[in-house]
Amino acid sequence: MPSLADIAAALGVSAPGGEAISITGMATLAEAGPTELSFVGSDAYVSELATTRAPAILVQKRVKVPTTWTRPALVVDDADLAIATVLKLFAPPVPRPPAGIDPAARVAGSAALGEQAAIGPFVFVGERVRIGARTILHSGVYVGDDTVVGDDCELFPHVVLRERVSVGSRVVIHAGSVIGSDGFGYRWDGRRHAKIPHVGTVVIEDDVEIGSCVCIDRAKFSATRVGRGTKIDNLAQIGHNVTIGPHCIIVGQAGLAGSARLGAGVVLGGQTAVRDHITLGDGAMAAACSAVAEDVPAKAIVSGTPALPHRQSLREQAALRRLPDLVTQVRKLQEEIEALKKK
Amino acid sequence: MPSLADIAAALGVSAPGGEAISITGMATLAEAGPTELSFVGSDAYVSELATTRAPAILVQKRVKVPTTWTRPALVVDDADLAIATVLKLFAPPVPRPPAGIDPAARVAGSAALGEQAAIGPFVFVGERVRIGARTILHSGVYVGDDTVVGDDCELFPHVVLRERVSVGSRVVIHAGSVIGSDGFGYRWDGRRHAKIPHVGTVVIEDDVEIGSCVCIDRAKFSATRVGRGTKIDNLAQIGHNVTIGPHCIIVGQAGLAGSARLGAGVVLGGQTAVRDHITLGDGAMAAACSAVAEDVPAKAIVSGTPALPHRQSLREQAALRRLPDLVTQVRKLQEEIEALKKK
Amino acid sequence: MPSLADIAAALGVSAPGGEAISITGMATLAEAGPTELSFVGSDAYVSELATTRAPAILVQKRVKVPTTWTRPALVVDDADLAIATVLKLFAPPVPRPPAGIDPAARVAGSAALGEQAAIGPFVFVGERVRIGARTILHSGVYVGDDTVVGDDCELFPHVVLRERVSVGSRVVIHAGSVIGSDGFGYRWDGRRHAKIPHVGTVVIEDDVEIGSCVCIDRAKFSATRVGRGTKIDNLAQIGHNVTIGPHCIIVGQAGLAGSARLGAGVVLGGQTAVRDHITLGDGAMAAACSAVAEDVPAKAIVSGTPALPHRQSLREQAALRRLPDLVTQVRKLQEEIEALKKK
Numbered sequence: 050m051p052s053l054a055d056i057a058a059a060l061g062v063s064a065p066g067g068e069a070i071s072i073t074g075m076a077t078l079a080e081a082g083p084t085e086l087s088f089v090g091s092d093a094y095v096s097e098l099a100t101t102r103a104p105a106i107l108v109q110k111r112v113k114v115p116t117t118w119t120r121p122a123l124v125v126d127d128a129d130l131a132i133a134t135v136l137k138l139f140a141p142p143v144p145r146p147p148a149g150i151d152p153a154a155r156v157a158g159s160a161a162l163g164e165q166a167a168i169g170p171f172v173f174v175g176e177r178v179r180i181g182a183r184t185i186l187h188s189g190v191y192v193g194d195d196t197v198v199g200d201d202c203e204l205f206p207h208v209v210l211r212e213r214v215s216v217g218s219r220v221v222i223h224a225g226s227v228i229g230s231d232g233f234g235y236r237w238d239g240r241r242h243a244k245i246p247h248v249g250t251v252v253i254e255d256d257v258e259i260g261s262c263v264c265i266d267r268a269k270f271s272a273t274r275v276g277r278g279t280k281i282d283n284l285a286q287i288g289h290n291v292t293i294g295p296h297c298i299i300v301g302q303a304g305l306a307g308s309a310r311l312g313a314g315v316v317l318g319g320q321t322a323v324r325d326h327i328t329l330g331d332g333a334m335a336a337a338c339s340a341v342a343e344d345v346p347a348k349a350i351v352s353g354t355p356a357l358p359h360r361q362s363l364r365e366q367a368a369l370r371r372l373p374d375l376v377t378q379v380r381k382l383q384e385e386i387e388a389l390k391k392k
Numbered sequence: 050m051p052s053l054a055d056i057a058a059a060l061g062v063s064a065p066g067g068e069a070i071s072i073t074g075m076a077t078l079a080e081a082g083p084t085e086l087s088f089v090g091s092d093a094y095v096s097e098l099a100t101t102r103a104p105a106i107l108v109q110k111r112v113k114v115p116t117t118w119t120r121p122a123l124v125v126d127d128a129d130l131a132i133a134t135v136l137k138l139f140a141p142p143v144p145r146p147p148a149g150i151d152p153a154a155r156v157a158g159s160a161a162l163g164e165q166a167a168i169g170p171f172v173f174v175g176e177r178v179r180i181g182a183r184t185i186l187h188s189g190v191y192v193g194d195d196t197v198v199g200d201d202c203e204l205f206p207h208v209v210l211r212e213r214v215s216v217g218s219r220v221v222i223h224a225g226s227v228i229g230s231d232g233f234g235y236r237w238d239g240r241r242h243a244k245i246p247h248v249g250t251v252v253i254e255d256d257v258e259i260g261s262c263v264c265i266d267r268a269k270f271s272a273t274r275v276g277r278g279t280k281i282d283n284l285a286q287i288g289h290n291v292t293i294g295p296h297c298i299i300v301g302q303a304g305l306a307g308s309a310r311l312g313a314g315v316v317l318g319g320q321t322a323v324r325d326h327i328t329l330g331d332g333a334m335a336a337a338c339s340a341v342a343e344d345v346p347a348k349a350i351v352s353g354t355p356a357l358p359h360r361q362s363l364r365e366q367a368a369l370r371r372l373p374d375l376v377t378q379v380r381k382l383q384e385e386i387e388a389l390k391k392k
Numbered sequence: 050m051p052s053l054a055d056i057a058a059a060l061g062v063s064a065p066g067g068e069a070i071s072i073t074g075m076a077t078l079a080e081a082g083p084t085e086l087s088f089v090g091s092d093a094y095v096s097e098l099a100t101t102r103a104p105a106i107l108v109q110k111r112v113k114v115p116t117t118w119t120r121p122a123l124v125v126d127d128a129d130l131a132i133a134t135v136l137k138l139f140a141p142p143v144p145r146p147p148a149g150i151d152p153a154a155r156v157a158g159s160a161a162l163g164e165q166a167a168i169g170p171f172v173f174v175g176e177r178v179r180i181g182a183r184t185i186l187h188s189g190v191y192v193g194d195d196t197v198v199g200d201d202c203e204l205f206p207h208v209v210l211r212e213r214v215s216v217g218s219r220v221v222i223h224a225g226s227v228i229g230s231d232g233f234g235y236r237w238d239g240r241r242h243a244k245i246p247h248v249g250t251v252v253i254e255d256d257v258e259i260g261s262c263v264c265i266d267r268a269k270f271s272a273t274r275v276g277r278g279t280k281i282d283n284l285a286q287i288g289h290n291v292t293i294g295p296h297c298i299i300v301g302q303a304g305l306a307g308s309a310r311l312g313a314g315v316v317l318g319g320q321t322a323v324r325d326h327i328t329l330g331d332g333a334m335a336a337a338c339s340a341v342a343e344d345v346p347a348k349a350i351v352s353g354t355p356a357l358p359h360r361q362s363l364r365e366q367a368a369l370r371r372l373p374d375l376v377t378q379v380r381k382l383q384e385e386i387e388a389l390k391k392k
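Protein chains in written order, with the working numbering: chain A, 50 to 392; chain B, 50 to 392; chain C, 50 to 392.
What follows is the structure, encoded as structure tokens:
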């Protein structure tokens, strides 16, 4: 159990008193118990200081703490980052299968496992697969023939990596995600939808994290690619031949149609849709629920269905709020003009 | 095979003749065979009585059955509820693994199983897990360390409950759902998206039912919570630290971003999105495909993207239908005014 | 490795020189290496011919190839169809479990397997199941009691077919999909949401392909039905009692609510929503992200939220782009009329 001094040290700040207090966890001001550290990220929460049971708080530098607060307050530049740092001290270890191959796993003789790799029960590892050092495959993971997974990866239960997929190092994939299914491509041949073979693959670069029940399809040819450091939330759909740059953020239930391209650091809000063959430039952002049907320049922010530059979208929404009245106004104007014309 | 008399008894109504007819199932008027009970829930379907082969029908009280219908008609207050009651008589038992631990399951020695608990093949049960009496884990279910599942639950194939999750009694979770993955939280540290540890958990209260491929993320701290009696449809996304009250209905593919709060009895239509930190009050409803970006008061109905009070949304939609004409009208008005000004 | 002559033969066209060139794969003009065939599907790509390293190309008949291109060009009627044909020559075989039952599978004694059926490890096959000839169940597939799967099917890892489901021949279901969970149906009984039993089933007809993490619910009674030759993309939601005609295309993350009906050859774009009990006629199309809340006649195209005839939708969108200016114009008109009235 860390003391407040330990926490201050982890944050690189000074603890103004109370160094010996034992902290058992973090909680909001309203929910904190007498051994839980809390935090004030903005002025909106200051009033809750009067009633919180927290023995100490983290405070964002800009926030003014009232003089009535006499317990220790650790002032930090970035409350969210500080919370992340403190939470690491409390994070219980994720339970993992031990290093080695579980007797109830099925690992092909031609597969190569790195040192300390941990293969759980009911895992399938196909021919010529390479699994890096210290990589963990939880119960029920499937890794198809010729797939390569780097070092220090963690694949949670039931993740499916189909054959010939390439996964970098330090990649985390949460339970139930499927990487490398065929892309959705057919061509009507006069009698039926003829399947277009998808002979390509999927490349997941280093430091990517992928949520639960995410689908990333293999390419028609070449590769569907997720750039290093990109983070993908649950239930997202990444179509065949999509290219995602480094450090993108793709929020839950977003969908990218075939051959869409995201530059570096692109952010897609939840439930966003991106049309096939569309490009979003570096640092572009699409607000939640937007439908991106045209290319978006670097650093631009778009929103709406169809997605427009965010400012235009806001103007149209504001005008739309006035539209019912506008219909009435125009009708009145017509009457007045009729009256004027009769004069 | 129940007789019409058995069905009438189950419904607590009188069967006006035909008590001995054997009924083999239920079907719509158009599809019913000569041994299938059908139903008329509204006047819209009365015309189909002329041609149906059903030997008897359930009829909503308000519906006027024509005098030409001479077969038995069971009059009920609520046709939908009556159908549910009758269907129970025909429901074939769901096949389940037998009580005990399948030899192909992997159950930690420190796990505690209630009486008559049934653990299917390829199931993983971690350290210190507690499984209640009569709870059924179908093939391939994963239950992480320290997770607790109550009595009389049923987890369908491949459900994943990560570590330290708490599930009440009489909870049903359909195949492929994932409870307790890390929430989607990162903080840009200048070089990369630094992961915010999610040390919290998920609490699923009693009598909850969760569809297939649903994702419910664990909290940053404290718990993501689903209130008792709430029902969640397939492919829904429940973000970290979301709080869902009792008896809510969340329809397929809806998504709730982090720290959203639903009161009691809230209804979210299919594909609805709820922004992070937004609250919907008790009994509030969001229509299908709406994007809720502001708090919704109790009992209010909202719709649209962004979601507005439903009446306002309807007015705007009606006005929008007239907008192309309005543009033309305004152009004409401008011309007429120009003409008037010249006079 | 096929030669250009082999490829020309597969396409039924003549190779104008270069017949002996060995081709190792396909790639875009920009990405092709010196042994990869490329293609020009439209005039937009002609400029890339100047710099491509491809030793030969496929060319859509209408495209004008510049005289500066001196390497072989195979002229085809339909570039996409030709690409599909060529890719088949390069498609590496999908790795599959060998025919027979894996010793780590659990197959009920009363199940009947067709000749050369292949049952992988960790597969569960219930009582009285029938699996057709040459059908492949990959690792971790679950097939519930009394379910029937036809010949030449392929079920990828962790697919769940619940009990009493019927699957035709030549059906492909990708990893993680769940067929036959209970439909989402409850009826408030005054105290709680009472579950409506779903005693029906799901019927998947011949030649259907279903993506990853798709959910298709079982019917309240009778069957949820997917017509022959229909293709369903990842993460789609098909509610109870939905009827989908033959040769439909349902793109990723689309959702069909209960009892929706699609005729033959209907196309639903990505993230489309279809309200319960709505019918789309033969050949109807709903654009991506549309919300279909009213019946759509055969061959009609709809778009938008709510979905309108596509032309109307485009007109409204165009008018909406002008709405902010319209508000200003109307204000000016009001002032001008006031001025005129004062005269």
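Glycine included, C-beta positions come from ideal geometry on N, C-alpha and C.
In this text, all values refer to a predicted model and were calculated from it rather than measured experimentally.
Given that a residue counts as buried once 16 or more other Cβ atoms are within 10 Å of its Cβ, and exposed if not, what is His326(B)? If you number the second sequence from 1, residue 326(B) lands on position 277. His326(B) should be labelled exposed.
In whole angstroms, give me the CA-to-CA distance for Phe368(B) and Asp374(B). Here residue 368(B) refers to the residue found at position 319 of the second sequence. Here residue 374(B) refers to the residue found at position 325 of the second sequence. Looking at the sequence itself, residue 368(B) is Ala, so the reference to Phe does not match. So the two alpha carbons sit approximately 10 Å from each other.
Beta-carbon separation (whole angstroms), Ala126(B) vs Arg241(C), contact threshold 8 Å: Counting from 1 along the second sequence, the entry for residue 126(B) is found at position 77. Counting from 1 along the third sequence, the entry for residue 241(C) is found at position 192. Reading off the sequence shown, one finds Asp at residue 126(B), where the question assumed Ala. About 18 Å separates the two Cβ atoms, so there is no contact after all.
Name the residues in the stretch 254 to 268 of chain A whose C-beta lies less than 8 Å from a C-beta of chain B; which are they? For the stretch 254 to 268 of chain A, residues whose beta-carbon sits nearer than 8 Å to a beta-carbon of chain B comprise Asp256, Glu258, Gly260, Ser261 and Cys262.
Cβ-based burial, Val114(B) [other Cβ within 10 Å; buried from 16]: For the purposes of this step, residue 114(B) is taken as the residue at position 65 of the second sequence. By the neighbour-count rule (16 or more Cβ atoms within 10 Å), Val114(B) is not buried but exposed.
Do three or more CB pairs link the stretch 222 to 240 of chain A to the stretch 233 to 252 of chain B at distances below 8 Å? Below 8 Å, too few C-beta pairs join the stretch 222 to 240 of chain A and the stretch 233 to 252 of chain B to call them touching: fewer than three.
Burial state of Glu343(B) (16 or more Cβ within 10 Å): Reading the second sequence from its first residue, position 294 is the one you call residue 343(B). By the neighbour-count criterion, in which a residue is buried when 16 or more other Cβ atoms sit within 10 angstroms of its Cβ, Glu343(B) is exposed.
To the nearest whole angstrom, what separates the beta carbons of Ser218(B) and Gly260(B), a pair I think is in contact under 8 Å? Reading the second sequence from its first residue, position 169 is the one you call residue 218(B). Reading the second sequence from its first residue, position 211 is the one you call residue 260(B). Contact doesn't hold; Cβ gap of about 19 Å is too wide.
Should Arg310(C) go down as buried or exposed, given a rule of 16 or more other Cβ atoms within 10 Å for buried? Here residue 310(C) corresponds to residue number 261 of the third sequence, with the count starting at 1. By the neighbour-count rule (16 or more Cβ atoms within 10 Å), Arg310(C) is buried.
Please report how far the alpha carbon of Arg267(C) lies from the alpha carbon of Tyr191(C), in whole angstroms. For the purposes of this step, residue 267(C) is identified with residue 218 of the third sequence, where counting begins at 1. For the purposes of this step, residue 191(C) is identified with residue 142 of the third sequence, where counting begins at 1. A straight line joining the alpha-carbon of Arg267(C) with that of Tyr191(C) spans about 16 Å.
Which partner residues of Ala34(A) appear in the DSSP bridge assignment? What is shown of chain A runs 50 to 392, which leaves residue 34(A) out entirely.
If Asp414(C) and Arg213(C) are in contact, beta carbons under 8 Å, what's the gap, nearest whole angstrom? Absent from the structure is residue 414(C), since the part of chain C shown begins at 50 and ends at 392.
Ignore the nearest five residues each way along the sequence and tell me which others in Cys338(C)'s own chain have a CB closer than 6 Å to its CB. For the purposes of this step, residue 338(C) is identified with residue 289 of the third sequence, where counting begins at 1. Closer than 6 Å at Cβ, skipping near neighbours: Gln320.
For Met334(B), count the other beta carbons within 10 Å of its own beta carbon; 16 or more makes it buried, fewer makes it exposed. Which is it? Here residue 334(B) is taken as the residue at index 285 of the second sequence, counted from 1. By the neighbour-count rule (16 or more Cβ atoms within 10 Å), Met334(B) is buried.
CB-CB length for Ala64(A) against Ala54(A), believed under 8 Å: Taking the first sequence and counting its residues from 1, the one referred to as residue 64(A) is at position 15. Taking the first sequence and counting its residues from 1, the one referred to as residue 54(A) is at position 5. Indeed, because the Cβ distance is near 6 Å, the residues count as touching under 8 Å.
Rank Phe88(A), Ala103(A), Leu305(A) and Thr119(A) by C-alpha distance to the C-alpha of Lys110(A) and give the top, closest one. Taking the first sequence and counting its residues from 1, the one referred to as residue 110(A) is at position 61. Nearest neighbour of Lys110(A) by Cα position, chosen from Phe88(A), Ala103(A), Leu305(A) and Thr119(A), turns out to be Phe88(A).
Less than 7 Å between the CB of Leu375(B) and some heavy atom of the ligand ZN, yes or no? Ligands in the displayed structure: none, and consequently the ligand ZN is not present.
Taking the C-alpha atoms as reference points, what is the distance between Val112(C) and Val124(C)? Position 63 of the third sequence holds residue 112(C). Position 75 of the third sequence holds residue 124(C). Take the alpha-carbon of Val112(C) and the one of Val124(C): they are about 9 Å apart.
In the DSSP assignment, what are the bridge partners of Ala203(A)? One-based indexing of the first sequence puts residue 203(A) at position 154. Here the sequence assigns Glu to residue 203(A), which means Ala is not the residue at that position. The partner list for Glu203(A) (beta bridge, DSSP) reads Ile185(A) and Val221(A).
Arg370(A): buried (16+ other C-beta within 10 angstroms of its C-beta) or exposed? On the first sequence, position 321 is the one that residue 370(A) refers to. So Arg370(A) ends up on the exposed side.
Anything in chain C within Cβ reach of Gly230(A), meaning under 8 Å, just list it in chain order. As a position in the first sequence, residue 230(A) is number 181, starting the count at 1. Per the sequence shown, residue 230(A) should be read as Ser rather than Gly. Think of a sphere of 8 Å around the beta carbon of Ser230(A): the chain C residues whose beta carbon falls inside it are Phe205, His223, Ala224, Gly260, Ser261 and Asn283, in chain order.
Minimum Cβ-Cβ distance from Glu176(A) to chain B less than 8 Å: Mapped onto the first sequence, residue 176(A) falls at position 127. Not an interface residue.
Closer than 7 Å between beta carbons: that is the criterion. Which residues of the stretch 153 to 175 of chain B meet it against chain C? Within the stretch 153 to 175 of chain B, the qualifying residues are Ala153, Pro170 and Phe171.
Nearest neighbour of Val300(A), chosen from Ile298(B), Pro170(B), Ala306(B) and Arg120(B) [CA to CA]: Here residue 300(A) refers to the residue found at position 251 when the first sequence is read from its first residue. Ranking Ile298(B), Pro170(B), Ala306(B) and Arg120(B) by Cα distance to Val300(A) puts Ala306(B) first.
DSSP-derived helix/strand/coil call for Phe88(B): Walking along the second sequence from the start, residue 88(B) turns up at place 39. Correct three-state label for Phe88(B): strand.
Where Ala356(C) and Leu284(A) are concerned, what is the direct C-alpha to C-alpha distance, given to the nearest angstrom? Position 307 of the third sequence, counted from the start, is the residue given in the question as residue 356(C). Position 235 of the first sequence, counted from the start, is the residue given in the question as residue 284(A). If I take the Cα positions, the gap works out to 24 Å.
Please name the residue in Gly278(A), Val341(A) and Pro146(A) whose C-alpha comes closest to that of Val221(A). On the first sequence, residue 221(A) is found 172 positions in, with the first residue counted as 1. The candidate whose alpha carbon is nearest that of Val221(A) is Gly278(A).
Measuring only the C-alpha atoms, how far is Leu372(B) from Val62(B)? One-based indexing of the second sequence puts residue 372(B) at position 323. One-based indexing of the second sequence puts residue 62(B) at position 13. Spanning the two alpha carbons is a distance of roughly 54 Å.
Please decide whether Phe233(B) counts as near chain A, where near means a Cβ-Cβ distance under 8 Å. Counting from one through the second sequence, the residue named residue 233(B) turns up at place 184. At a cut-off of 8 Å between beta-carbon atoms, Phe233(B) makes contact with chain A.
Taking C-beta pairs closer than 9 Å, name the residues in chain C that Met75(B) reaches, listed in chain order. Here residue 75(B) refers to the residue found at position 26 of the second sequence. Those are Val248, Lys269, Phe270 and Ser271, listed as they occur along chain C.
Using a cut-off of 9 Å between C-beta atoms, extract the partners of Glu212(C) located in chain B. Walking along the third sequence from the start, residue 212(C) turns up at place 163. Near Glu212(C) (Cβ distances below 9 Å), the residues of chain B are Pro141, Val143 and Pro144.
Short-range partners of chain A found in the stretch 179 to 208 of chain C, where Cβ spacing is below 8 Å: Legend: CB atoms of the stretch 179 to 208 of chain C lying less than 8 Å from CB atoms of chain A belong to residues His187, Ser188, Gly189, Phe205, Pro206 and His207.
Alpha helix (DSSP H) segment containing Glu138(A), residue limits: The residue given as residue 138(A) occupies position 89 in the first sequence. The displayed chain sequence assigns Leu, not Glu, to residue 138(A). Element bounds for Leu138(A): Ala128 to Phe139.
Taking the continuous alpha helix (DSSP H) assigned at Thr377(A), which residues delimit it? Your numbering for residue 377(A) matches position 328 in the first sequence. Looking at the DSSP string, the run of the alpha helix (DSSP H) that includes Thr377(A) is His359 to Lys391.
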